[in-house]
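When we follow my numbering, the leftmost residue of the sequence shown carries the number 3, and every step to the right adds one.
Okay, so here's the structure we're looking at.
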Amino acid sequence: LLPVVYGLMSLHGVVYMWGVIFNVKDDEHFHSWRQRSHYYLEMYQSAFYVGDIYEAFALLVLGELILNVLETKVQMHLDEKVPAEDELDTLGENRSNAFISAVDLYREMKDLTIF
Numbered sequence: 003l004l005p006v007v008y009g010l011m012s013l014h015g016v017v018y019m020w021g022v023i024f025n026v027k028d029d030e031h032f033h034s035w036r037q038r039s040h041y042y043l044e045m046y047q048s049a050f051y052v053g054d055i056y057e058a059f060a061l062l063v064l065g066e067l068i069l070n071v072l073e074t075k076v077q078m079h080l081d082e083k084v085p086a087e088d089e090l091d092t093l094g095e096n097r098s099n100a101f102i103s104a105v106d107l108y109r110e111m112k113d114l115t116i117f
């Protein structure tokens, strides 16, 4: 959905640039080309600002999704590694199997983000 929205906002900006180039007079609010040009340039920039805001939101949602999946994978990994009695150290904690390696996390993230 991100490419569609950003593409539409880019097209919207291009339409405003055409307004500057062809000196489009939609209404009589602006009496000179300079005023219309200034207005169309600001609208061109605002179209890309909206696209940038949507892109930032989409990246935020993607990041949240990836973190939730990784958290679930880590929890599943920890639940699978139930220590035996002889694997417990003096504090009663399992130090050998109670973690997931950085390589495993990297593989999970790579599988989620690279197609």
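Here a beta-carbon is modelled for each residue, glycine too, at the ideal position from N, C-alpha and C.
Candidates the options, of which the one nearest residue i by Cα
i	options	result
P5	W20, H40, Y56, Y41	Y56
F24	S39, L67, L61, D106	S39
A58	L114, I116, V7	V7
Burial state of residue i, where buried means 16 or more other Cβ atoms lie within 10 Å
i	result
Y51	exposed
G65	exposed
G21	buried
G53	buried
Y42	buried
G9	exposed
Y18	buried
Cβ-heavy atom distance, residue i to the ligand SAM, below 7 Å
i	result
L3	Only the bare structure without any ligand can be found here, which leaves the ligand SAM out of the picture.
Are at least three pairs of beta-carbons, each pair with one atom in the stretch 36–50 and one in the stretch 72–83, less than 8 Å apart?
no
Segment contact flag, the stretch 27–43 with the stretch 65–74, C-beta cutoff 8 Å, min 3 pairs:
no
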